[in-house]
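Single-structure report; data block below.
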Amino acid sequence: MSRELVIVSPRPIDLADHLMAAVEIDPNLGLRSTWSGGGTQVCSADGTALVTVLVTKGFDVADDVERLLGVRLGAEQVFWTELYAPRGAEGERGELFARALAGVVDGELFVRGVAG
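For any residue, its number in our numbering is found by taking its place in the sequence shown, counting from 1, and adding 9.
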């Protein structure tokens, strides 16, 4: 099982945000598009995928996100971005990237599932 992560943010996450977070973690990280633009993989210098970031989805009301995550949110309109990282050391680096990305967009990171 991989690490399932979610960033809830006040605005959509874009490629520039990915770059800012990647440079914050390691300037040698690379980005590659997946699924015909449906996601972005953040990779180590040797090409190993650390995390896959799916395209952000918008919600008109925070109630839907609150129901899914089980926490109260303050915003009326929120954006939901799913990320998936492998288990092991690569996944730990992927989660570190996810935390940096959440910080870039003034969002909050939720860890929904981690391999045991």
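Backbone N, C-alpha and C define an ideal beta-carbon position, used for all residues, glycine too.
Leaving aside the five residues that flank I16 on each side, the residues in its chain whose CB is nearer than 6 Å to its CB run, in chain order, T90, A111, G116, L118. Separation of L59 and V80 (C-alpha to C-alpha, rounded to the nearest whole angstrom) is 27 Å. In this structure, Q50 lies near T61, with their beta-carbon atoms less than 8 Å apart. Between the alpha carbons of V113 and D26 lies a gap of roughly 6 Å.
Scanning A71, V87, V70, L63 for the CA closest to the CA of E13 turns up L63. Shown here for L105: same chain residues with a beta carbon closer than 7 Å to its own, the five before and five after excluded, namely I34 in chain order. Within the DSSP secondary-structure output, T61 pairs in a beta bridge with Q50, Y93.
The beta-carbon separation of E99 and T57, rounded to 6 Å, stays under the 8 Å limit for a contact.
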